[in-house]
Ligand code: GCB
């Protein structure tokens with residue numbers, strides 16, 4: 235009996251590995267031939283993971299991923315997706331089911347779908363990819379009972395080739411999602427935001443040809459534009475055509491033996507993208523099919539909108555398109571206004587961007603992990619510069635090579651997803667990390683990785699300031715060598731005495747631009763009182779006035795990002811009647827009320843235009 239089940243297990247795992255494979259996420263997924271698998275998914279919580287492990291913690295071949303149903307009256311099956319409630323995907327589970335508000339553990343999700351969904355789908359040559367925009371934190375994906383793989387990291391997309399696992403008729407897609415916090419994860423066990431669990435971004439079935447454009451890049455070069463493209467396999471001699479109608483560009487190039495091609499367009503001078511002129515160009519990239527496919531198919535066309543700009547530093551200045559710019563920023567979490575849940579729609583992204591613009595901002599720090607791609611695209615359309623970040627936050631397990639691999643993968647995936655988005659000017663590799671050799675090794679590896687993946691943007695990280703004496707703060711961090719912009723967080727007036735700001739002096743001994751990546755304090759919207767009474771709007775407004783005066787004196791100040799745009803949920807914020815699970819450092823409340831600090835900031839930013 236034992237032997238038989240071992241054999242079953244071996245066969246089972248062999249089948250799993252034979253049939254599906256994780257593949258790189260194709261660039262610009264929304265422009266592909268996609269079928270949405272969003273909508274209502276059945277779900278249930280499984281705090282002991284009994285749908286995956288037996289009572290001796292052995293893996294179960296008959297786990298919940300089989301989506302089994304009793305066939306005979308005697309059958310014992312102690313779960314049922316069909317009879318479980320549904321929740322909306324994309325979305326977090328915490329705000330959709332009050333029982334799951336603070337839940338951290340495993341939830342099983344299932345949806346069924348018909349395949350093919352149209353008469354042409356699935357005919358002839360082609361592959362099918364299953365795409366997840368983000369699943370927090372660990373996802374195990376099963377299609378028709380077969381395990382496709384496991385993905386770790388809550389904010390970046392991933393994809394499986396499911397061509398051989400799809401079946402015609404009804405398919406069952408099951409995802410085991412686990413958002414338990416662990417010391418060795420990225421982020422680690424403690425962080426100041428809500429640990430929203432679930433299938434938080436889109437789930438899509440993507441139809442591609444056998445050979446398809448996996449990635450492409452268009453950017454401003456020293457002269458004109460530089461275009462490069464790579465296929466999903468090393469196929470030579472395939473013709474790729476780039477069209478930019480407004481610039482009268484139509485050029486065809488051929489792939490080399492690695493399935494790559496590139497082209498400098500030296501005579502093309504696009505208008506430059508900037509917050510004042512967020513000019514985007516429609517582009518089309520087509521891949522001519524190989525001979526076999528040519529006969530019965532149209533060339534596949536990929537459409538995108540691309541902006542062109544440069545970003546660099548000169549001494550202590552940041553230059554956008556060659557001109558110094560002051561980054562009038564603000565920090566924000568990937569959480570919707572009013573409903574206060576994981577952001578999932580364009581309208582929700584637009585609200586946050588509109589609020590930031592009303593406060594006079596031209597720059598958003600997307601804290602502390604990669605945000606929804608919708609926000610990045612909307613920011614690009616609306617002329618909002620961006621800082622993107624990975625969740626290397628506070629005290630990561632610096633000595634664990636797997637933790638480094640995890641962080642590196644999140645960084646690479648973020649860069650891969652957004653490298654064509656001109657709004658993004660800074661990749662941030664960390665936030666408020668404790669100084670030390672192991673940390674320096676870890677972070678310098680990430681900085682070098684970001685630099686090698688993308689030399690067209692600036693690298694930064696939010697550093698911590700260790701005060702040298704009571705009223706002199708000197709920034710000292712070995713990581714200064716590895717970043718292009720020196721950024722630091724500081725909470726003078728909040729985590730230290732409220733009256734300190736006017737006395738404080740700052741020293742930044744590096745010949746690099748400086749961004750104050752956080753400062754601020756809490757206030758409950760509508761609570762009024764004296765300027766020295768904590769939690770009042772008056773207290774927060776005073777803190778803003780004094781901090782802004784203080785920061786203005788920092789030599790090389792090239793931008794500020796107060797913490798933060800909107801009150802956001804955090805399980806660390808417990809004070810009843812004031813916090814109630816919200817970090818109250820927003821200049822706007824969770825219900826959209828502007829606090830007095832909003833006007834203080836807006837006024838200061840007026841003077842920085
Ligand atoms: C910080 C963190 C940020 C917190 C903030 C606070 O330094 O970077 O994630 O939410 O302070 O409110 O204390």
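Numbering (the working numbering), first residue to last: 235 to 843. All residues carry an ideal CB built from backbone N, CA and C; glycine is no exception. Since we're looking at a predicted model, the values are computed, not measured.
Counting along the chain, residue 778 sits inside the alpha helix (DSSP H) bounded by residues 771-785. At a Cβ-Cβ threshold of 8 Å, residue 751 and residue 722 count as neighbours. Measuring C-alpha to C-alpha distances from residue 761 to each of 811, 714 and 836 identifies 811 as the nearest.
Under a 10 Å Cβ-count criterion, residue 800 is classified as buried, with 16 or more other Cβ atoms of the shown protein chains found around its own Cβ.
The criterion of a C-beta distance shorter than 8 Å is satisfied by residue 623 and residue 600.
Cβ neighbours of residue 261 within its own chain (closer than 6 Å, five residues either side excluded): 449 and 450. Counting only the Cα atoms, residue 314 lies some 44 Å from residue 661.
For residue 589, the uninterrupted alpha helix (DSSP H) run begins and ends at 580-592, by DSSP. Between the region 511-521 and the region 421-438 there are fewer than three C-beta pairs closer than 8 Å, too few to call the two in contact. Taken from the Cβ of residue 734, every heavy atom of the ligand GCB lies 7 Å or farther away.
Annotation for residue 273: 322, 323 and 345 place their beta carbon closer than 8 Å to its own, counting only its chain and skipping 5 residues before and after.
Counting other Cβ atoms within 10 Å of its Cβ, residue 766 stays below 16 and is therefore classed as exposed. Contact between the region 464-473 and the region 383-393 is absent, with fewer than three C-beta pairs closer than 8 Å.
By the C-beta criterion, the region 774-787 is judged to be in contact with the region 730-739, since at least 3 inter-stretch pairs fall below 8 Å.
Cβ atoms of residue 793 and residue 821 stay farther apart than 8 Å, at about 17 Å.
Taking residue 582 as the centre and dropping the five residues before and after it, the same chain places the C-beta of 570 closer than 6 Å to its C-beta, in chain order. For residue 556 and residue 540, the gap between their C-alpha atoms comes out near 19 Å.
Runs of the beta strand (DSSP E) spanning 3 or more residues and lying entirely within the region 466-496 occur at 473-478 and 483-488, in chain order. A residue is called buried once 16 or more other Cβ atoms fall within 10 Å of its Cβ, and residue 348, having fewer, is exposed. In the three-state reduction of the DSSP assignment, residue 697 falls in the strand class, which pools E and B.
The beta carbons of residue 817 and residue 828 sit no closer together than 8 Å. Between the beta-carbon of residue 362 and that of residue 392 there is about 15 Å, and that puts the pair past the 8 Å contact cut.
Apart from the 5 residues on each side of it in sequence, residue 572 sits with its Cβ closer than 7 Å to the Cβ of 825 and 826 in its chain, given in chain order. DSSP, read as helix, strand or coil, puts residue 716 in helix. Note that the C-beta distance between residue 630 and residue 422 is below 8 Å. If you ignore the 5 residues before and after residue 712, its C-beta comes within less than 6 Å of the C-beta of 674, all in its own chain and listed in chain order.
Considering only 336, 742 and 670, the residue with the shortest C-alpha distance to residue 633 is 670. Residue 560 and residue 790 have their alpha carbons spaced roughly 10 Å apart. A contact between stretches requires three or more CB pairs, one per stretch, nearer than 8 Å, and the region 682-696 meets this requirement with the region 652-659. Here residue 621 carries a strand assignment [DSSP, helix/strand/coil].
In the DSSP assignment, residue 365 falls outside any alpha helix (DSSP H) and within the unbroken beta strand (DSSP E) covering 361-366.
For residue 792, the enclosing beta strand (DSSP E) starts and ends at 791-794. Per the DSSP secondary-structure output, residue 279 pairs in a beta bridge with 341. Separation of residue 684 and residue 334 (C-alpha to C-alpha, rounded to the nearest whole angstrom) is 36 Å. The alpha carbon of residue 695 has as its nearest neighbour, out of 613, 611, 743 and 602, the alpha carbon of 602. Residue 714 has its CB no nearer than 7 Å to any heavy atom of the ligand GCB.
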